[in-house]
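K.L.:
Below you'll find the structure I mean.
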Amino acid sequence: MHSMTTDTLTKPLTRLAVELNTHLETQAPERTLSLLDRCDRCSQLAQSSFVFKIEACAEGSGRTETDVLLCGHHARIHLPALLAKTPVSYWIEPQELLSIRGVKVQAASDAKAGDGLTDASR
272 MHSMTTDTLT
282 KPLTRLAVEL
292 NTHLETQAPE
302 RTLSLLDRCD
312 RCSQLAQSSF
322 VFKIEACAEG
332 SGRTETDVLL
342 CGHHARIHLP
352 ALLAKTPVSY
362 WIEPQELLSI
372 RGVKVQAASD
382 AKAGDGLTDA
392 SR
């Protein structure tokens, strides 16, 4: 039987976790999406926005960028593929990345100040 060491208990961070940690350090802390923004795959509230450069064609609208809005579920599912396509820019709700091992995001606190019915503290 092999003895266990801390080397066998700790795994190196994945490339995805390293890339997301780097991005989260420079991502704007304020939410860039509104309640009217909805996922392009389902009708849930959009939690991420990816902007991609597209080639303009003669018949097209002349736009050179397009955005993809995704809910947290679809963003996590498609995240590696989206990042592999090198978006021009992207914003992801940090709380949606809690389930990805190694991503440095603090869990949201549900604690209320005061009596729990109002935000008044004594």
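Residues 272 to 393 (our numbering) make up the sequence shown, in order. Using N, Cα and C, we set each Cβ at its ideal position, and we do this for glycine too.
1. Quick one, are the C-beta atoms of A346 and Q366 less than 8 Å apart?
2. By alpha-carbon positions, which one of E364, V374, L291, T281 ends up nearest to A355?
3. With a threshold of 7 Å on Cβ separation, who are the neighbours of P351 within its own chain once the five nearest residues in sequence on each side are excluded?
4. What does the Cβ neighbour count give for A317, buried or exposed, with the cut at 16 atoms within 10 Å?
5. Helix or strand or just coil, what does DSSP make of T285?
P.N.:
In short, the structure shows the following:
1. In the sequence shown, residue 346 corresponds to position 75, counting from 1. In the sequence shown, residue 366 corresponds to position 95, counting from 1. Taking a C-beta distance under 8 Å as the contact criterion, A346 and Q366 do not qualify as a contact pair.
2. Along the sequence shown, read from residue 1 onward, the residue named residue 355 stands at position 84. The shortest C-alpha separation from A355 is found at L291.
3. For the purposes of this step, residue 351 is identified with residue 80 of the sequence shown, where counting begins at 1. So the qualifying residues of the chain are L287.
4. Residue mapping note: residue 317 aligns to position 46 of the sequence shown, counting from 1. By the 10 Å Cβ count, A317 comes out buried.
5. For the purposes of this step, residue 285 is taken as the residue at position 14 of the sequence shown. Shown here, T285 sits in coil according to DSSP, grouped into three states, outside any helix or strand.
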